[in-house]
Amino acid sequence: MSLSVSSASAVDLRVEPVDEVLGRVERSLQVRLDGGSVVRKRRSVGARTDRDTWVRIERRLLGRIGGQGWNGTEQAAVLKGVAQPVWYAGLSWREAERPVMWRADETGLLPGEPVKPGGVLVADPHVPDAWWEGLNASLDALAAQHTARVATPDTVPVTQGHVTEVIRSTFPEASDTAVERWVPAHADVNWANVTGPQFCLFDWEDWGMAPRGLDSASLWAQSLGVPEVASRVRAERRADLESRDGMVMMLFACSKIAGPYAHPEDPRLEPARREAARLMDVLQTR
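Take the position in the sequence shown, starting the count at 1, then add 185; the result is the number in the numbering used here.
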C-alpha cells in the first residue's frame, strides 16, 4: 500500500491512511492492535493491544526532533511520584526516502477516560477532590526533579526567546517577559491529556525543562471558558500561578488563545484578553 503520509510536509493522521504503519508496529512489537479502539489525532494514532496495553504512534519531521531525540515517553518512565501510564517498550524508524520519523510507545492502559477527549472545555467536568490532590502531587513531584531535556510544546523548544516572541506577537505592549526559574514540566497539560475520575497524566513526548508554572498556566488557560473551573485551577495551583514566572506563563498561555489564529466564538477568547490585560498591569509592578 502506498501511503500519502510519506510526504515530508505536515499531514493530518485523522484523515490519512495508516494501515501500513499499524502493520509495521504490530510486527515489530509482536502485538495485535484492536481496530475498534483506534484513536486518531492530527499527528498521532493510538490503539489498544491484545495484551491489554496501549500503543501510541507519532509521525514527526526530522527538523522537529532536534538533538535531544523524541523518546520523551520512555524517559518519563524514571520520574518519581508522577501519576502516569507504565512504559513497556518503544520503536522508531525513519522513512527511506523522506526526512520523516515514526515512533511507537507501548504503555499500560489508562485508569479512566480523558476528562475532555477533544475540543474546548465548555462545562465543569466535576472531577472529585482526590483528582485535584493527584494533580497537585504529580505536578509538584515533577517540578522537583531534574532533566537535561528541554520542553517542546507543539514540537517547539521553550526558550526565553520563544516565550517573548509568542507573548509580544499577541500583546506587543508586554514590557517584561523574563523568566527566572526553570523546572521540569509535562508541557501539554490540558483536559484531553488527563484522565478522570482517577487522575493520570499521559502523552509525555514533549516534556522537559520549562518556565515554572507552564503546566499550571496551561490547564488554567484551557479552563477559561468555564469560570468556576479556571478559578479552581488558580486556587489549587496558587503557589505556581501567583509567582512572577507563573504570571508570565499565564500571559504566554493567553497569547496562544488570543493570537492571530483566535476563533471569534472561542469561549476562552474574551476571558484570555481580560486576564492578559490584568497580568500585564501586575507584572509591571513586580
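Ideal Cβ positions, reconstructed from N, Cα and C, are used throughout, including at glycine.
Just verifying my parser: in three-state terms, what is the DSSP assignment at residue i?
i: S354; result: helix
i: L294; result: coil
i: R279; result: strand
i: A333; result: coil
i: R228; result: coil
i: P445; result: coil
i: T258; result: helix
i: P342; result: coil
i: T380; result: strand
i: V374; result: coil
i: R429; result: helix
i: A268; result: coil
i: A438; result: helix
i: R366; result: coil
i: A424; result: helix
i: R199; result: coil
i: V263; result: helix
i: R530; result: Outside the displayed span of the chain (186 to 471) sits residue 530, for which this structure offers no information.
i: V348; result: helix
i: M186; result: Residue confidence for M186 is low, a pLDDT of 29 falling below 50, so the modelled location carries little weight; the figure read from the coordinates is stated next. Looking at M186 - three-state DSSP - the assignment turns out to be coil, as it is neither helix nor strand.
i: S191; result: For S191, the predicted structure reports a pLDDT of 42, less than 50, and the residue's modelled location is therefore unreliable. The matter cannot be settled from this model.
Using a Cβ-Cβ cut-off of 6 Å (strictly less than) and excluding sequence neighbours within five positions of residue i, which residues of its own chain qualify?
i: V300; result: P310, W376, V379, G381
i: D197; result: R227
i: V203; result: V230
i: R453; result: L409, G410, I442
i: S213; result: L276
Could you pull the start and end residues of the beta strand (DSSP E) that residue i belongs to?
i: I242; result: 238–246
i: G208; result: That residue, G208, is in no beta strand (DSSP E); its alpha helix (DSSP H) goes 204–214.
i: V414; result: Per DSSP, V414 belongs to no beta strand (DSSP E); it is in the alpha helix (DSSP H), 412–421.
i: G393; result: 393–396
Considering only the beta carbon of each residue, do residue i and residue j sit closer than 8 Å?
i: D373; j: G398; result: no
i: M435; j: L409; result: no
i: V480; j: I242; result: Shown here, the chain extends from 186 to 471; a query on residue 480 therefore has no answer.
i: D400; j: A420; result: no
i: T340; j: D391; result: yes
i: Q253; j: V343; result: no
i: L246; j: P284; result: yes
i: W389; j: A274; result: no
i: L218; j: T234; result: yes
i: A232; j: F356; result: no
Which residue wins for smallest C-alpha separation from residue i, given the options the options?
i: R422; options: V223, M434, A402, A336; result: A402
i: A326; options: L247, G266, E205; result: G266
i: R209; options: S416, L464, W287; result: W287
i: L306; options: D466, E460, D451, E298; result: D451
i: L294; options: E280, E455, A268, A328; result: A268
i: F387; options: W272, E282, Y446, R417; result: W272
i: A447; options: S354, A308, V411; result: S354
i: E298; options: V467, E211, Q383; result: Q383
i: E280; options: E259, T292, T337, R244; result: R244
i: T292; options: V240, G304, A322; result: V240
i: V467; options: L426, V418, T337; result: L426
i: T362; options: P445, L324, T470; result: T470
i: N256; options: E460, R225, T238, T337; result: T337
i: A322; options: C385, A462, A461; result: C385
i: A424; options: P449, L324, E460, E350; result: L324
i: G134; options: R366, S222, V418; result: Beyond the ends of the chain as shown, which are 186 and 471, falls residue 134; an answer cannot be given.
i: W317; options: R225, E259, T258, S416; result: S416
i: P445; options: E460, R366, I352, L404; result: I352
Leaving aside the five residues before and after residue i along the sequence, list all residues of the same chain whose C-beta is less than 7 Å from its C-beta, in chain order.
i: P302; result: A377
i: V364; result: Q345, V348, P396, D430, V433
i: A457; result: A406, L409, C439, I442, A443
i: T332; result: P369, G393, M394
i: S428; result: R397, G398
i: V312; result: V300, G381, P382
i: L264; result: L327, Q330
i: S277; result: M286, W287, R288
i: V200; result: none
Counting along the chain, where does the alpha helix (DSSP H) carrying residue i start and finish?
i: W405; result: 399–407
i: V467; result: 454–469
i: G319; result: 314–328
Kindly list the residues whose CB is nearer than 8 Å to the CB of residue i, restricted to its own chain and excluding five residues on each side of it in sequence; keep chain order.
i: A308; result: V411
i: R236; result: V216
i: E358; result: M465
i: S360; result: M465, L468, Q469
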